[in-house]
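A.B. asks:
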Amino acid sequence: MASGLRSGIWGRRNAPRPVRNARRLAVVAMAGSVAVGAAPAWAYFSAGGTISGSTTLATATSFTATGTATGVYPGAAFDLLLTVPHTSALTIQAITPGPGSTTVTNAPGCTHPDITFNFTALPVVLAADVPSVVLANAVVMGVNAQNACQGGTFTFPVTVTAVQ
323 MASGLRSGIW
333 GRRNAPRPVR
343 NARRLAVVAM
353 AGSVAVGAAP
363 AWAYFSAGGT
373 ISGSTTLATA
383 TSFTATGTAT
393 GVYPGAAFDL
403 LLTVPHTSAL
413 TIQAITPGPG
423 STTVTNAPGC
433 THPDITFNFT
443 ALPVVLAADV
453 PSVVLANAVV
463 MGVNAQNACQ
473 GGTFTFPVTV
483 TAVQ
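So the number in this note's numbering is just where the residue sits in the sequence shown, counting from 1, plus 322.
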């Protein structure tokens, strides 16, 4: 064939260009989808109005309670029965030794009980109708406690910090 002759039915200049047409179609489709997606976004962000609300943060309150441990002996940890005066549900966040002295019963001659506290199981939630809770292994009698303290019942004043 001579260089001036056309090849095929369409000739070189008039042949369809599928790649170029596909690109145009993709650009038009993308522009349309952006316009369709932008309308709801514009409506959402340009809508007027305000949102308001409030919350009340609970305030921690400290008060005195009573803890009792029974049957203790040197070198061991024991449960503490914590009796808390309250009328509504509360969350106990901290317990510390309270004002006053420890009362010992059933252990005549016990003057040095060597008691410490281990309050690691906090926070504890206490329902309104439940006056006490047992804290596992919260009382520890040291190995230096008098033998006369063994088996006694100990009542401790404690300060409880709680949120209602």
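Quick reminder that beta carbons are idealized off the backbone N, C-alpha and C, glycines included.
Buried or exposed: which applies to G464, given that a residue is buried once 16 or more other Cβ atoms fall within 10 Å of its Cβ?
C.D. replies: Classification for G464: exposed.
A.B. asks: Are the Cβ atoms of T483 and A450 separated by less than 8 Å?
C.D. replies: No.
A.B. asks: Looking only at its chain, what residues have a beta carbon closer than 6 Å to the beta carbon of A416, apart from the 5 residues adjacent to it on each side?
C.D. replies: Cβ neighbours of A416 beyond the five flanking positions: T483.
A.B. asks: With H, G and I counted as helix, E and B as strand and the rest as coil, what does DSSP make of A484?
C.D. replies: The answer is strand: DSSP assigns A484 an E or B state.
A.B. asks: Between which two residues does the beta strand (DSSP E) holding F439 run?
C.D. replies: F439 -> beta strand (DSSP E) spans I437 to F439.
A.B. asks: Thinking C-beta only, is V394 closer than 8 Å to V461?
C.D. replies: Against a cut-off of 8 Å, the Cβ pair of V394 and V461 comes out as a contact.
A.B. asks: Taking 8 Å as the cut-off, does the segment 381-393 touch the segment 469-485 (at least 3 CB pairs, one atom from each stretch)?
C.D. replies: Flag = yes, the segment 469-485 and the segment 381-393 touch.
A.B. asks: Would a C-beta distance cut-off of 8 Å place N459 and N428 closer than the cut-off?
C.D. replies: Cβ distance not < 8 Å, so N459 and N428 don't count as in contact.
A.B. asks: Can D401 and L457 be called in contact, C-beta distance under 8 Å?
C.D. replies: Yes, Cβ-Cβ distance for D401 and L457 is below 8 Å.
A.B. asks: To which residues does DSSP link T381 through a beta bridge?
C.D. replies: Note: T381 sits in no beta bridge, so no partner.
A.B. asks: Along the beta strand (DSSP E) that carries D401, what are the first and last residues, could you check?
C.D. replies: Its beta strand (DSSP E) spans residues A398 to T405.
A.B. asks: So, helix, strand or coil for N469, using DSSP?
C.D. replies: Looking at N469 - three-state DSSP - the assignment turns out to be helix.
A.B. asks: Which residues does DSSP list as the beta-bridge partners of P479?
C.D. replies: Per DSSP, T388.
A.B. asks: With distances taken between CB atoms, is the gap from P479 to G397 smaller than 8 Å?
C.D. replies: No. Outside cutoff.
A.B. asks: List the residues that DSSP assigns as beta-bridge partners of T418.
C.D. replies: BP columns for T418 point to T481.
A.B. asks: According to the Cβ coordinates, are L412 and Q468 closer than 8 Å?
C.D. replies: No, these two residues do not count as a Cβ contact at 8 Å.
A.B. asks: If you follow the beta strand (DSSP E) that T427 is part of, which residue opens it and which one closes it?
C.D. replies: From DSSP, the beta strand (DSSP E) with T427 extends over T425 to T427.
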